[in-house]
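Sequences listed follow chains A and B, in order. Under this note's numbering, think of the first position of the first sequence as 1, with each following residue one higher. Under this note's numbering, think of the first position of the second sequence as 1001, with each following residue one higher. In this text, a Cβ means the ideal position worked out from N, Cα and C, and glycines have one as well. So the structure is just underneath, and the comments pick up after that.
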Amino acid sequence: DVKVTQSSRYLVKRTGEKVFLECVQDMDHENMFWYRQDPGLGLRLIYFSYDVKMKEKGDIPEGYSVSREKKERFSLILESASTNQTSMYLCAIKQGASGNTIYFGEGSWLTVV
Amino acid sequence: GQNIDQPTEMTATEGAIVQINCTYQTSGFNGLFWYQQHAGEAPTFLSYNVLDGLEEKGRFSSFLSRSKGYSYLLLKELQMKDSASYLCAGLLRDDKIIFGKGTRLHILP
């Protein structure tokens, strides 16, 4: 069974706090993605990574950064959380060029107050 | 630009057939995914189409026409548990994956 584990299921943070969302996979897949999902807006891509230490901006990278120091771990960082970053965050993985399935983590529900 | 469009909501009756359409305008398109998502849960994989044509998997089938930038998901013999959101997503040549906003499907008894 594929395992994509997001470190926190539910978080409540204060405005201005630094927030780390961690995603760990056990499949040795090259590609990892961070999305946020909001009602009426669907899944929007924040950042993705092809390999260790590589990162690419998605469609809404502002206010976020990422880190991929090890192949199995992809972290999403909110340097200074704001209320408009209240959302559900989903991590996903895919085998490199040959992969035809995306696997998702269970999601992290972040509330910024 | 990159855009994936699908209807916001659809309603169908238990036992019937429903077709959920998806159109896309993207540069460098590789293939198209369909995912099912129940409220409060992560999306789960339904299908992936690379070549034109229809792929059938039990009650669910997915169709792709690359020349028309069009796909559909066909659900047969609808069951109440099929009430969910259905997400269309494009895999681009740079391995980026972008999603449509999803179609909420309501099944009536």
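Flag residue i as yes if its beta-carbon sits less than 7 Å from any beta-carbon of chain B, otherwise no.
{"i": "Glu22 of chain A", "result": "no"}
{"i": "Thr86 of chain A", "result": "no"}
{"i": "Leu110 of chain A", "result": "no"}
{"i": "Thr101 of chain A", "result": "yes"}
Would residue i and residue j be called neighbours here (beta carbons separated by less than 7 Å)?
{"i": "Ser75 of chain A", "j": "Ser67 of chain A", "result": "yes"}
{"i": "Ser1062 of chain B", "j": "Ser1085 of chain B", "result": "no"}
{"i": "Thr1103 of chain B", "j": "Tyr1070 of chain B", "result": "no"}
{"i": "Tyr89 of chain A", "j": "Arg36 of chain A", "result": "yes"}
{"i": "Ser7 of chain A", "j": "Glu17 of chain A", "result": "no"}
{"i": "Val112 of chain A", "j": "Gln85 of chain A", "result": "yes"}
Counting only Cβ pairs nearer than 9 Å, list the residues of chain E close to residue i.
{"i": "Glu106 of chain A", "result": "Of the chains in the structure shown, none is chain E; the protein chains are A and B."}
Per DSSP, what kind of secondary structure is residue i in: helix, strand or coil?
{"i": "Thr1026 of chain B", "result": "coil"}
{"i": "Thr5 of chain A", "result": "strand"}
{"i": "Asp28 of chain A", "result": "coil"}
{"i": "Asp1082 of chain B", "result": "helix"}
{"i": "Asn1021 of chain B", "result": "strand"}
{"i": "Asn100 of chain A", "result": "coil"}
{"i": "Thr1008 of chain B", "result": "coil"}
{"i": "Thr116 of chain A", "result": "Beyond the ends of chain A as shown, which are 1 and 113, falls residue 116 of chain A; an answer cannot be given."}
{"i": "Gly1031 of chain B", "result": "strand"}
Quick check: is the beta carbon of residue i nearer than 7 Å to any beta carbon in chain A?
{"i": "Lys1101 of chain B", "result": "yes"}
{"i": "Asp1095 of chain B", "result": "yes"}
Short-range partners of chain B found in the region 56-81 of chain A, where Cβ spacing is below 9 Å:
Answer set for the region 56-81 of chain A: Glu56, Gly58, Asp59.
Check each residue of the region 1031-1051 of chain B: if its Cβ is closer than 9 Å to any Cβ of chain A, include it; give the result in chain order.
Gly1031, Phe1033, Tyr1035, Gln1037, Gly1040, Glu1041, Ala1042, Pro1043, Thr1044, Phe1045, Tyr1048, Val1050
Chain B contacts from the region 24-55 of chain A (Cβ-Cβ distance under 9 Å)
Glu30, Asn31, Phe33, Tyr35, Gln37, Gly40, Leu41, Gly42, Leu43, Arg44, Leu45, Phe48, Tyr50
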